[in-house]
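Trainee: Counting the sequence shown from 1 gives a position; the numbering used here is that position plus 64.
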Amino acid sequence: MLRDAVLEGAYPSEIEVLSRLCSEPAFRPDNDLAERLQAKGWLEHVAGAYLLTISGRTLIDRRMRGG
Numbered sequence: 065m066l067r068d069a070v071l072e073g074a075y076p077s078e079i080e081v082l083s084r085l086c087s088e089p090a091f092r093p094d095n096d097l098a099e100r101l102q103a104k105g106w107l108e109h110v111a112g113a114y115l116l117t118i119s120g121r122t123l124i125d126r127r128m129r130g131g
């Protein structure tokens, strides 16, 4: 299932959540969406905080540059 989630690519709602986490550290995404982002390897939940992984940050940076 994890492999299938990664192959789906990024949905606009996922990009929006990752972007908001970059600009609003106190933002808390919906649990289901957060779990999906974690399954795709773009987000980690550590000590009560959501952190973008390197691949999550790269995804956002590419989208911001139009890539």
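No residue lacks a Cβ here, since even glycine has one placed at the ideal position from N, Cα and C.
Kindly indicate the opening and closing residues of the alpha helix (DSSP H) around A52.
Mentor: There is no way to answer for residue 52, as the model of the chain reaches only from 65 to 131.
Trainee: What is the rounded straight-line gap between the Cα of E78 and the Cα of G112?
Mentor: If you take the alpha carbons of E78 and G112, they lie about 20 Å apart.
Trainee: If I follow the unbroken alpha helix (DSSP H) through E108, where does it start and stop?
Mentor: Taken as a continuous stretch (DSSP letters only), E108 belongs to no alpha helix (DSSP H), being part of the beta strand (DSSP E) at 107-110.
Trainee: On a Cα-Cα basis, can you pick out the residue from A90, D125, R127, L115 that is closest to L101?
Mentor: Comparing Cα positions, the closest option is L115.
Trainee: Rounded to whole angstroms, what's the CA-CA distance from E80 to V110? Just pull it up for me.
Mentor: For E80 and V110, the distance between alpha carbons rounds to 21 Å.
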